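*Asks:*
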Amino acid sequence: MSQVGLKEMLEAGVHFGHQRRRWNPKMKPFIFGERNGIHIIDLRKTLTRLEEACRAVREVVLQGERILFVCTKRQLRQNIEVEAKRSGSFYVTERWLGGMLTNFRTISLQIRRLAELERGQAENRYEFYTKKERLMLDRERVKLEKHLAGVKEMGRLPGALFVVDAQREMIAVTEARKLGIPIIAITDTNADPGLVDYPIPGNDDAIRSVGLLAGRIADEVEKAMSEVPAEKRKADRHAATTYSTETGERKERDGPQPRRRRRRRPKPGLLGQRGGGPKTGGRGGAEAPAAGGRGRNAKKTDPKGSTTKG
């Protein structure tokens, strides 16, 4: 486990913030000063908040939950992916798919589809498919793999989120807040620390800075995972529970739910028959002529009493 102190953070450039014109006034308590128009972050407060975040991560992992690392910055993707894999956590390094947390049931179907395509490819199920069909299936698998590679074993919602740059990953932060999932985030001087449960003030753009802070979180996750008994660990891949984002409660799922049939509207010509009224006819639903009315085939009576057909 690597030790993180003031010297290590200073060498990694954790103290460098954004330009003064881009700052968020809510970050003022974490700013030490200003130099050449750039805010300098107080590393003592960064170290304090980092230890608080590590304690929160430890509590989550000891409960049998797992952490989701979120970072879509191109220059930081590889570092975050390595740290997440090392600690046995989930990760999202490509574009954040809207509804990945709040609409997790739909995302689960996509994850299941990806597993089905990978299994079919490994077992040569598509050997007798046409070349075009195999190409389409391979394209679908590559697309799903690109966005869901880090969460394809996530059978339920994560216990907490570790976010790099809370300002950039605002959609992920909003979804986690809606579901009550704890958020741990590296917040630069342009971010709003009030949206995060455990903000870590620091440079969220430099590779060394993010690698140092993310590595400390990953070390804590790895240490806590080793202390969790094997029987207490929950199976993520074959989880049999789903989440209702409206109530926030778990619902047992015994099997595929039957699809509800949509109620059909009755035809206009049948409304009178169902209501017990007079029958209607024609396109406009007009009433049928009475027996003594002047219909097309009604009989006419002349003044002499004889009847003629009209």
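Take 3 as the starting number for the sequence shown in this note's numbering and just add one per residue. Don't be surprised by glycine CBs; every beta carbon is placed ideally from N, CA and C. Keep in mind it's a predicted model, so treat the numbers as computed, not measured.
Report yes or no: do three or more beta-carbon pairs, one from the segment 146 to 166 and one from the segment 54 to 74, lie closer than 8 Å?
*Replies:* Touching, yes, given that three or more Cβ pairs across the two stretches are closer than 8 Å.
*Asks:* For S89 and V223, which I take to be in contact (beta-carbon distance under 8 Å), what is that distance rounded to the nearest angstrom?
*Replies:* S89 to V223, Cβ: 4 Å. Contact.
*Asks:* Could you give the C-beta distance for A86 and F71, rounded to a whole number, given that I count them as a contact under 8 Å?
*Replies:* Sure, about 4 Å apart at Cβ, within 8 Å.
*Asks:* Among K154, R158, E135, which one has its Cα closest to the Cα of L116?
*Replies:* For the residues K154, R158, E135, the minimum Cα distance to L116 belongs to K154.
*Asks:* Can the beta-carbon of G7 be found less than 7 Å from the beta-carbon of N205?
*Replies:* Contact: no.
*Asks:* Using only the alpha-carbon positions, how far apart do W25 and P195 sit?
*Replies:* Straight-line Cα distance between these residues: approximately 12 Å.
*Asks:* I think T104 touches L181, with their Cβ atoms under 8 Å apart; what is that distance to the nearest whole Å?
*Replies:* Yes, T104 and L181 are in contact; Cβ-Cβ is about 7 Å, under 8 Å.
*Asks:* Please say whether T191 and M1 have beta carbons closer to each other than 7 Å?
*Replies:* Past the edges of the chain, shown from 3 to 312, lies residue 1, and the structure says nothing about it.
*Asks:* When burial is assigned at 16 or more other CB atoms within 10 Å of the CB, is V94 buried or exposed?
*Replies:* Classification of V94: buried, given that the 10 Å Cβ count is 16 or more.
*Asks:* Which residue comes first and which comes last in the alpha helix (DSSP H) that contains Q21?
*Replies:* That residue, Q21, is in no alpha helix (DSSP H); its beta strand (DSSP E) goes 18 to 21.
*Asks:* Please report the residue range of the alpha helix (DSSP H) in which T48 lies.
*Replies:* Segment 45 to 64, the alpha helix (DSSP H) holding T48.
*Asks:* Using DSSP bridges, identify the partner residues of F32.
*Replies:* BP columns for F32 are empty, so no partner.
*Asks:* Would the beta-carbon of F32 fall within 7 Å of that of P231?
*Replies:* It is not a contact, given that the beta carbons lie outside the stated cut-off.
*Asks:* Along the beta strand (DSSP E) that carries L70, what are the first and last residues, could you check?
*Replies:* 69 to 72 is the span of the beta strand (DSSP E), which, as asked, contains L70.
*Asks:* Is it buried or exposed, N81, if we count other Cβ atoms within 10 angstroms and call 16 or more buried?
*Replies:* By the 10 Å Cβ count, N81 comes out buried.
*Asks:* Quick one: what does DSSP say R27 is sitting in, helix, strand or coil?
*Replies:* In the sequence as displayed, the identity of residue 27 is Pro instead of Arg. Here P27 sits in helix by DSSP.
*Asks:* Tell me the start and end of each unbroken beta strand (DSSP E) in the segment 125 to 174 that is at least 3 residues and wholly inside, in chain order.
*Replies:* Complete beta strand (DSSP E) runs here, min 3: 162 to 166.
*Asks:* Using the three-state DSSP reduction, which class does R97 fall into: helix, strand or coil?
*Replies:* Here R97 sits in coil by DSSP.
*Asks:* Is DSSP giving G7 helix, strand or coil here?
*Replies:* In this structure, G7 counts as coil in the three-state DSSP scheme.
*Asks:* Where DSSP assigns a beta bridge to A92, which residues make up the other side?
*Replies:* The sequence given here has Phe at residue 92, not Ala. Bridge partners of F92: L70.
*Asks:* Let me confirm a value: F130 is counted as buried when at least 16 other C-beta atoms fall within 10 Å, else exposed. Which label applies?
*Replies:* Looking at its Cβ environment, which holds fewer than 16 other Cβ atoms inside 10 Å, F130 is exposed.
*Asks:* If you check the beta carbons only, do F92 and G152 fall under 7 Å apart?
*Replies:* It is a contact, given that the beta carbons lie within the stated cut-off.
*Asks:* Which residues in the same chain have their Cβ closer than 6 Å to the Cβ of A124, if we skip the five residues on either side of it in sequence?
*Replies:* Closer than 6 Å at Cβ, skipping near neighbours: no residue.
*Asks:* What would DSSP say about P195, mapped onto helix, strand or coil?
*Replies:* Reduced to three states, the DSSP call for P195 is helix.
*Asks:* With respect to the beta strand (DSSP E) encompassing A187, which residues constitute its N-terminal and C-terminal limits?
*Replies:* Its beta strand (DSSP E) spans residues 185 to 189.
*Asks:* Would you kindly work out how many angstroms separate the C-alpha atoms of Y128 and E118, rounded to a whole number?
*Replies:* Going by the C-alpha atoms only, they are around 12 Å apart.
*Asks:* Which residue comes first and which comes last in the alpha helix (DSSP H) that contains D221?
*Replies:* It spans 209 to 229 - the alpha helix (DSSP H) in which D221 sits, taken as one unbroken run.
*Asks:* So which of R170, E177, R179, A178 has the shortest CA-CA distance to I188?
*Replies:* Closest option to I188, Cα to Cα, is R170.
*Asks:* Quick one: what's got a C-beta closer than 8 Å to K47's C-beta in the same chain, skipping five residues either side?
*Replies:* P31, F32, P203, listed in sequence order.
*Asks:* Less than 8 Å between C-beta atoms, sequence neighbours within five positions excluded: which residues of the same chain meet that for L64?
*Replies:* Cβ neighbours of L64 beyond the five flanking positions: A226, E229, V230.
*Asks:* Using the Cα positions of V144 and V212, report the straight-line distance between them to the nearest angstrom.
*Replies:* When rounded, the distance between both Cα atoms is 28 Å.
*Asks:* In whole angstroms, what is the alpha-carbon distance linking T244 and L99?
*Replies:* A caution first: T244 carries a pLDDT of 39, below 50, which makes its placement in the model unreliable, though a value can still be read off. Whole-angstrom Cα-Cα distance: 19 Å.
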